[in-house]
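Asker: Top to bottom, those sequences are chains A and B.
Residues 740 to 1006 (the numbering used here) are what the first sequence spells out, left to right.
Residues 1105 to 1274 (the numbering used here) are what the second sequence spells out, left to right.
Even for Gly, the Cβ is constructed at its ideal location relative to N, Cα and C.
One structure is given below, represented as structure tokens, and several questions about it will come after.
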Amino acid sequence: MYAFTYHRPGSARQAAGLLAKKEDAKILAGGHTLLPTMKQRLASPTALIDLGACGDLKGIVRKGRTVHVGAMSTHAEVADSAIVQEAIPGLAYLASHIGDPHVRHRGTIGGSVANNDPAADYPAACLALGATIVTNKRKIEADDFFTGLYETALEEGEIITKVVFPVVSKAGYAKFRNPASRYALVGVFVAKRGSEIRVAVTGAGEGGVFRWPEAEAALKARFAPKSLDGLHASADGINADMHADADYRAHLIGVMTKQAVAQATGK
Amino acid sequence: MATVSMTVNGKPVTGTIDPRTLLVQFLRENLRLTGTHVGCDTSQCGACVVHIDGKAAKACTVLAVSLEGAAVTTIEGLASDGALHPMQEAFREHHGLQCGFCTPGMIMSAVDIVNRRGHDLDEKTIREDLDGNICRCTGYHNIVKAVAAGAEAMGGQAMDRKEPPRQAAE
Chain A
740 MYAFTYHRPG
750 SARQAAGLLA
760 KKEDAKILAG
770 GHTLLPTMKQ
780 RLASPTALID
790 LGACGDLKGI
800 VRKGRTVHVG
810 AMSTHAEVAD
820 SAIVQEAIPG
830 LAYLASHIGD
840 PHVRHRGTIG
850 GSVANNDPAA
860 DYPAACLALG
870 ATIVTNKRKI
880 EADDFFTGLY
890 ETALEEGEII
900 TKVVFPVVSK
910 AGYAKFRNPA
920 SRYALVGVFV
930 AKRGSEIRVA
940 VTGAGEGGVF
950 RWPEAEAALK
960 ARFAPKSLDG
970 LHASADGINA
980 DMHADADYRA
990 HLIGVMTKQA
1000 VAQATGK
Chain B
1105 MATVSMTVNG
1115 KPVTGTIDPR
1125 TLLVQFLREN
1135 LRLTGTHVGC
1145 DTSQCGACVV
1155 HIDGKAAKAC
1165 TVLAVSLEGA
1175 AVTTIEGLAS
1185 DGALHPMQEA
1195 FREHHGLQCG
1205 FCTPGMIMSA
1215 VDIVNRRGHD
1225 LDEKTIREDL
1235 DGNICRCTGY
1245 HNIVKAVAAG
1255 AEAMGGQAMD
1265 RKEPPRQAAE
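So this is what it looks like as structure tokens:
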């Protein structure tokens, strides 16, 4: 790890001020991607701005038909939150299956969403639930937020402050995980909000998280695993690596989608 | 250099460190608490697990400087008055180790499982929650037995005296 200067602001506003001033600074949230990346010298920021003391980035509250999750909420906090468990159980389930217990005590939703790892879990939930990513400057719809591999709509100096999830009538998540890294080989989040169905796939796409319109159309007729019978995801644009080839991942998309619908419908 | 103050095993400590010092380095090299091991150094293996404010974490993936004011418990903080912690005793009793390299992390994770899930743990829960700890010797069988027995034994006595109380969720 190369040397850096360390800063620990007490609020998101102070953090934004530091970020604007320090050239080549990076935000440190839970650190469970950034620190390993820095150890491998794949990142070498000259300054780290630690959000750990920003109390205004913590906390989970329900406001009407939405759940507001502070960016520095850990995966364990989301998984164990009575509010999330009651309002969007599929989201609590997803959070409870990220990494391992120790990772969940440190990793944060803001960090995961900002990093947009193509195999991370949260991007699938954000896209399927139609979440709004709130920053210190603006609100960004999930549809516009995830723009490519490790790329997002975030601009220089922008910090995620919270993620706002609409409370949907049904939601479920299923992932086939890589047993070593615990990232999703394929993960599928399905959500039903009124008559709108969204199916978001992580781990599989060459460009990161994406929606599967054919499955959404099939589930619109009837929101049940059976509606997906005979439907196969295309292997075009699907990742292939030492863990799984594109055809295998494409097959898993169908299997995981069925499992996610089964979970969402309690069947 | 940066200065950081925290509590380690109940004792206040202060260090002047390079900001890139990992918690595990701070514990081992500055405080000479070498019970916390470095296995993979990539947040996979769990040999470096300690408790930060009562929650298990991988000390290879936390900057020491970020723990200003935190309470850290390491494997050295479990035993008291010359008597092993019930979880340590259970690992000895059930032969939950061979080479012992993963053991400090296993025991710190096991105590964390008890803190989160109580004293009556079934095998499935233990195996799932030991997901972040890798042992290359024993095949986990005796480790799982040791965790179940240790959890039960912890129920029979006042919890882990040196463990700081859980911070309330904000």
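(1) Can you tell me whether residue 780/A is buried or exposed? The criterion is at least 16 other CB atoms within 10 Å of its CB, across all chains shown.
(2) Whole-angstrom Cβ separation of residue 953/A and residue 970/A, contact assumed at under 8 Å?
(3) Can you tell me where the beta strand (DSSP E) with residue 880/A in it begins and where it stops?
(4) Residues of chain B with CB under 9 Å from residue 732/A, in chain order?
(5) Hey, how far is the Cα of residue 749/A from the Cα of residue 803/A?
(6) So which residues on chain B does residue 771/A lean against when the C-beta distance must stay under 7 Å?
(7) Under a three-way DSSP split, which group does residue 935/A fall into?
(8) Whose Cβ in chain E lies nearer than 9 Å to the Cβ of residue 780/A?
(9) Return the residue from the list 875/A, 829/A, 920/A that minimises the CA-CA distance to residue 908/A.
(10) Got a sec: which bits of the segment 1229-1254 of chain B sit with their beta carbon under 7 Å from any beta carbon on chain A, in order along the chain?
(11) Specify whether the segment 926-936 of chain A and the segment 956-964 of chain A touch according to this definition: at least 3 beta carbon pairs, one from each stretch, less than 8 Å apart.
(12) Beta carbon of residue 1248/B: closer than 7 Å to some heavy atom of the ligand NAD?
(13) Any Cβ of chain B within less than 8 Å of the Cβ of residue 1005/A?
(14) Using 8 Å as the threshold, is the C-beta distance between residue 1155/B and residue 1177/B below it?
(15) May I have a chain-ordered list of the alpha helix (DSSP H) segments no shorter than 4 residues that lie completely inside the segment 950-975 of chain A?
(16) With 8 Å as the threshold, decide whether the Cβ of residue 743/A is near any Cβ in chain B.
(17) Classify residue 775/A as helix, strand or coil using the three-state DSSP reduction.
(18) May I have the straight-line CA-CA distance separating residue 849/A from residue 770/A, to the nearest angstrom?
(19) Does residue 916/A come out as helix, strand or coil in the three-state DSSP assignment?
(20) Using a Cβ-Cβ cutoff of less than 7 Å, which residues in the same chain neighbour residue 1270/B once the five nearest sequence positions on both sides are dropped?
(21) To the nearest angstrom, report how far apart residue 1116/B and residue 747/A are at their CA atoms.
(22) Note down the Cα distance separating residue 1127/B from residue 805/A, rounded to an integer number of angstroms.
(23) Cα separation between residue 997/A and residue 1163/B?
(24) Evaluate the contact criterion for the segment 773-793 of chain A versus the segment 815-825 of chain A: three or more CB pairs, one atom per stretch, below 8 Å.
(25) If you check the beta carbons only, do residue 1200/B and residue 1247/B fall under 8 Å apart?
(26) Report the residue from 1148/B, 1125/B, 1213/B, 1120/B whose alpha carbon sits nearest the alpha carbon of residue 743/A.
(27) Please go through the same chain and pick out, in chain order, the residues whose beta-carbon is closer than 6 Å to the beta-carbon of residue 783/A, but skip the five residues on each side of it.
(28) Does any C-beta atom of chain B lie closer than 8 Å to the C-beta of residue 784/A?
(29) Taking only three categories from DSSP, how would you classify residue 897/A?
(30) Would residue 866/A and residue 939/A qualify as a contact pair, given that the criterion is a beta-carbon distance under 8 Å?
(31) Check each residue of the segment 786-798 of chain A: if its Cβ is closer than 9 Å to any Cβ of chain B, include it; give the result in chain order.
(32) Between residue 748/A and chain B, is the shortest Cβ-Cβ distance under 8 Å, so that the two count as touching?
(33) Flag residue 995/A as yes if its beta-carbon sits less than 8 Å from any beta-carbon of chain B, otherwise no.
(34) Give the interface partners of residue 919/A over in chain B, defined as CB-CB distance under 8 Å, in chain order.
(35) My parser needs the alpha helix (DSSP H) runs of 4 or more residues fully inside the segment 1138-1198 of chain B; what are they?
Answerer: Taking the definition as stated:
(1) exposed
(2) 6 Å
(3) 878-880
(4) Since the first and last residues shown for chain A are 740 and 1006, residue 732/A lies out of range.
(5) 29 Å
(6) 1147, 1165
(7) strand
(8) Looking for chain E here will not work: the only protein chains present are A and B.
(9) 829/A
(10) 1233, 1235, 1236
(11) yes
(12) The ligand content of the structure shown is nil, which means the ligand NAD is not present either.
(13) no
(14) yes
(15) 952-960
(16) yes
(17) helix
(18) 11 Å
(19) strand
(20) Confidence at residue 1270/B is low in this model, with a pLDDT of 49, below 50, so its placement is unreliable and the value that follows should be read with caution. Answer for residue 1270/B: 1158, listed in chain order.
(21) 21 Å
(22) 37 Å
(23) 38 Å
(24) no
(25) yes
(26) 1125/B
(27) 741
(28) no
(29) coil
(30) yes
(31) 787, 789, 791, 792, 794, 797, 798
(32) no
(33) no
(34) 1148
(35) 1190-1197
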